[in-house]
Amino acid sequence: MPVERAMQLLRDGIAAARAGDIGSARNALTQAVSIDRTLEKGWLWLAGVTSDPAQAIAHLEQVLKLNPGNATAKSLIEHLQSRLPVDRFFCPLCLARAAERFTTCANCRAVLDLARPDLALAANPPDLDKVREGAARLATIVREQPDYFAHYYLGMAHLNLGRLPEAVAQFRAAHRLRPNDATFAAQLAGLEDALADAAPPTQRIDLHSQVPKPAIKPHDPRPSIIVVDDSPTVRRLVALTMQKKGYRVIEAADGDEALEQIHADGPPDLVLLDAFALGPNGPTLCERFRCNPSTARVSIILMSGRDGQFDRTRGKTAGPNRYLPKPFAPAALVNMVRECCPAGVK
Amino acid sequence: MGKPVPVLSRPERRPPPAPVAVDDPVLEVNDYEDALIGLLFRVEHLRDGIFANLTNGRPAGAVALSGELLDHVARFADEHCELATEAEMAEPAARAGAFREFIAPLRTNPQPTLQQVCVCLTALHEAVFAAFVAFTNRFPTSRSGWGWVEVAAIFTVEFKRSIDEALEMRDS
């Protein structure tokens, strides 16, 4: 009979536990409660021979389901809960939990402390996908229930993604919610100086402004360049080079993104287009620009890694103004851009 | 006397350079950053070429370009890190040495496997990253090097992602 079998296993399990044979006790008691789940004593003894506190609590909760008044089970649960490791800390970007406080997340590798913005390179580069997901979630929180921490950690997400202007905008919003935090104010001032150094003198950051300024003003007088390349490194290098020379640079990974930017902001003064990273779309995009009245007169520089005669010919027939084979020196890029679109002339 | 051996090429220990004193020539930040940008344009082009070769079934071509990539980084270190201490360059030199150990047998193999090439590229990634950290330390302040830090981080992440994608190519 199953019930008798369960009782025998219970007796064996208790005897083994008293004899110190924990393994045998666990086996026997596990079998006993699997045959008869109403064995209150079986669950209690099984909890006593289980090394994992969380598992033991689960067994004791079975006891309480059978007998809510079982004082032994209640006191044991309280005792075991105090032994459970508590992961009290979590990463606001990827939500990974940890028992100890941390400034760099072990899961997404994002730096979460504004005191060390240069840790982005000194430590491992962050997991950009996880950080982007965190930034999107925090952006929603900022829209719906903004508070200091939401702005602060959205700023840190932007910083880890290399988006300095967006980061500064969020930190300013956080600073307005905690104006008396002198340490944070000093850190923000350092970032604003870094941002100001990257901008021409007419675009210096107003530290006393109460309204966050967008990274790019709607009526920015600087001539604008759209750089279209599937390599984020090339886009950032072009931006870094040309921003220092007084240009506003907009980055786009492909033709569709470039056209979206143009529809949103109006035509740029110059397009830097990677001809073959887009497959056959490079020259086709060029042709689209030439056929569209709003972009027909935009200067186009076609960049390419293939320097054969055919590619030059093909590039030239698509309608670009100039052709710049990769790899190019920054000075060559600057000179060619200035020829097509001098700084100060929009 | 022959051509000086590049800093990262020498496996043996160099004699310690003169210590940097307060009256040493001031690092011209803009020129230095421009030189780093030029380096990164070139190594990004080579990175693109390495993985184009892998995608098109030319692992030997990828191996050749990876050696060329480290040569550019080593040349930059020779030109711009003369005053770096031995401690600063120890890690980049060690990583460069490890990469050269991986690449040496592949250079004579006309058909290296994708797995072998990816191991070699992982060593290259580590060597380049160590060199970039050393280059970053030459900036006088964190703020002055911010632009370089940002784009170098993007490059190292993209490099790592490309290696991971190449390994998935092997598994698929």
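Those protein sequences? They're chains A and B, same order as listed. Read in order, the letters of the first sequence correspond to residues 0 to 345 in numbering that gives the first Met the number 0. Read in order, the letters of the second sequence correspond to residues 0 to 171 in numbering that gives the first Met the number 0. Cβ atoms here follow ideal geometry from the backbone N, Cα and C, with glycine treated the same way. These figures come from a predicted structure and were not determined experimentally.
Where residue i and residue j are concerned, what is the direct C-alpha to C-alpha distance, given to the nearest angstrom?
i: A/Ile391; j: A/Pro164; result: For residue 391 of chain A there is no data in the structure shown, the boundaries of chain A being 0 and 345.
i: A/Thr232; j: A/Val333; result: 17 angstroms
i: A/Ala184; j: A/Arg100; result: 23 angstroms
i: B/Phe138; j: A/Ala172; result: 30 angstroms
i: A/Thr182; j: A/Leu113; result: 10 angstroms
i: B/Ala61; j: A/Pro145; result: 49 angstroms
i: A/Pro1; j: A/Ile34; result: 7 angstroms
i: A/Arg36; j: A/Ile21; result: 21 angstroms
i: A/Ala109; j: B/Ala93; result: 27 angstroms
i: B/Arg13; j: B/Glu85; result: For B/Arg13, the pLDDT reaches just 49, beneath the cut-off of 50, and the residue's location in the model is therefore unreliable, although a value from the coordinates is still provided. Taking the straight line joining both Cα atoms gives about 8 angstroms.
i: A/Ser223; j: A/Val270; result: 9 angstroms
i: B/Val21; j: A/Leu137; result: Legend: pLDDT at B/Val21 = 42, less than 50; position of this residue unreliable, no value from coordinates given.
i: A/Pro91; j: A/Gly133; result: 7 angstroms
i: B/Gly1; j: B/Glu67; result: Because B/Gly1 carries a pLDDT of 41, less than 50, the predicted location of this residue cannot be relied on, and the following value inherits that uncertainty. Computed Cα separation, rounded: 21 angstroms.
i: A/Val32; j: A/Ile13; result: 13 angstroms
i: A/Ala274; j: B/Ala51; result: 15 angstroms
i: B/Phe40; j: A/Gln242; result: 16 angstroms
i: A/Pro267; j: A/Val297; result: 7 angstroms
i: A/Arg142; j: B/Gly96; result: 51 angstroms
i: A/Lys64; j: A/Ala5; result: 19 angstroms
i: B/Ser65; j: B/Leu120; result: 7 angstroms
i: A/Ala16; j: B/Arg160; result: 54 angstroms
i: B/Ile162; j: B/Ser141; result: 29 angstroms
i: A/Leu59; j: A/Ala24; result: 17 angstroms
i: A/Cys93; j: A/Phe170; result: 20 angstroms
i: A/Asp229; j: A/Asn179; result: 44 angstroms
i: B/Phe128; j: B/Arg74; result: 15 angstroms
i: A/Thr29; j: A/Asp128; result: 44 angstroms
i: A/Pro326; j: A/Leu153; result: 36 angstroms
Sort the options by Cα distance to residue i and report the nearest one.
i: A/Phe89; options: A/Ala188, A/Ile34 and A/Asn106; result: A/Asn106
i: B/Cys80; options: B/Ala59, B/Ala34 and B/Phe158; result: B/Ala34
i: A/Gln80; options: A/Leu38, A/Leu94, A/Ala156 and A/Pro52; result: A/Pro52
i: B/Val150; options: A/Ala238, A/Arg131, A/Val226 and A/Met335; result: A/Ala238
i: B/Val72; options: B/Leu45, B/Ala152, B/Val118 and B/Gly144; result: B/Leu45
i: A/Thr240; options: A/Ala5, A/Ala330 and A/Lys129; result: A/Ala330
i: B/Thr135; options: B/Gln114, B/Met88 and B/Asn55; result: B/Met88
i: A/Leu347; options: A/Ala18, A/Leu9 and A/Gly19; result: In the structure as shown, chain A starts at 0 and stops at 345, and residue 347 of chain A therefore has no counterpart that could be examined.
i: A/Arg321; options: A/Ala55, A/Pro67 and A/Leu272; result: A/Leu272
i: B/Phe158; options: B/Trp147, B/Cys117 and B/Leu113; result: B/Cys117
i: A/Gly245; options: A/Leu258, A/Asn26, A/Pro220 and A/Glu259; result: A/Pro220
i: B/Arg57; options: B/Gln115, B/Val132 and B/Phe75; result: B/Gln115
i: B/Trp145; options: A/Gly161, A/His150 and A/Leu153; result: A/Gly161
i: A/Asn159; options: A/Arg234, A/Thr102 and A/Gly68; result: A/Thr102
Counting along the chain, where does the alpha helix (DSSP H) carrying residue i start and finish?
i: B/Leu68; result: Pro58 to His79
i: A/Tyr322; result: Segment Arg321 to Pro324 is the beta strand (DSSP E) holding A/Tyr322; no alpha helix (DSSP H) there.
i: A/Ala331; result: Pro329 to Cys339
i: A/Lys244; result: Premise fails: A/Lys244 is in no alpha helix (DSSP H) and is neither H nor E.
i: A/Asp128; result: Leu127 to Glu143
i: A/Arg10; result: Pro1 to Ala18
i: B/Pro91; result: Glu85 to Arg106
Assuming residue i contacts residue j under a Cβ cut-off of 8 angstroms, what Cβ separation, rounded to an integer in Å, is found between them?
i: B/Ser101; j: B/Ala130; result: Before going on, a small fix: residue 101 of chain B reads as Phe here, not Ser. 16 angstroms between Cβ atoms; not a contact.
i: A/Leu323; j: A/Ile299; result: Their Cβ separation, rounded to whole angstroms, is 11 angstroms, which puts A/Leu323 and A/Ile299 out of contact at 8 angstroms.
i: A/Leu356; j: B/Ile36; result: Residue 356 of chain A is absent from the model: chain A starts at 0 and stops at 345.
i: A/Pro124; j: B/Thr155; result: 5 angstroms
i: B/Ala59; j: B/Phe98; result: Between B/Phe98 and B/Ala59 the Cβ distance is about 17 angstroms, and since that is not below 8 angstroms, they are no contact.
i: A/Ala227; j: A/Asp253; result: It should be noted that the sequence gives Val, not Ala, for residue 227 of chain A. Right, the Cβ-Cβ distance comes to about 7 angstroms (below 8 angstroms), so this counts as a contact.
i: B/Glu32; j: B/Trp147; result: 6 angstroms
i: A/His350; j: A/Ala166; result: Absent from the model: residue 350 of chain A. The displayed extent of chain A is 0 to 345, so no value can be given.
Can you list the residues of chain A that residue i reaches, using a CB-CB cut of under 8 angstroms?
i: B/Phe40; result: Val233, Leu236, Lys325, Pro326, Phe327, Ala328 and Pro329
In the DSSP assignment, find the unbroken beta strand (DSSP E) run with residue i in it and report its ends.
i: A/Ser298; result: Ser298 to Ser303
i: B/Val118; result: Not the beta strand (DSSP E): B/Val118 falls in the alpha helix (DSSP H), residues Leu113 to Thr135.
i: A/Pro52; result: Per DSSP, A/Pro52 belongs to no beta strand (DSSP E); it is in the alpha helix (DSSP H), Pro52 to Leu65.
i: A/Ser223; result: Ser223 to Val227
i: A/Glu250; result: Arg247 to Ala251
i: A/Val270; result: Leu269 to Asp273
Note down, in chain order, every chain B residue with its Cβ under 9 angstroms from the Cβ of residue i.
i: A/Ser74; result: Within chain B, no residue comes near A/Ser74; the closest Cβ sits about 51 angstroms away, beyond 9 angstroms.
What residues from chain B crowd round residue i, counting only those whose CB sits closer than 7 angstroms?
i: A/Thr240; result: Ile36
i: A/Pro164; result: Those within 7 angstroms of A/Pro164 in chain B number zero; the least Cβ separation is about 12 angstroms.
i: A/Asp273; result: The premise fails here: A/Asp273 is roughly 10 angstroms from chain B at the closest Cβ pair, so nothing lies under 7 angstroms.
Below 8 angstroms on C-beta distance, what does residue i contact in chain B?
i: A/Ser230; result: Glu43, Asp47 and Glu157
i: A/Ala193; result: Arg142 and Trp145
i: A/Leu127; result: Val156
i: A/Gly189; result: Arg142
Going along chain A in order, which residues have a C-beta closer than 9 angstroms to the C-beta of residue i?
i: B/Val62; result: In chain order: nothing, as chain A lies at least about 19 angstroms away.
Would you say the beta carbon of residue i comes nearer than 6 angstroms to a heavy atom of the ligand NAP?
i: A/Pro125; result: Summarising the ligand content, the structure contains no ligands, and the ligand NAP is consequently not present.
Just the chain A side, please: which residues come within less than 7 angstroms of residue i by C-beta, in chain order?
i: B/Asp33; result: Pro329
i: B/Glu149; result: Gly161 and Arg235
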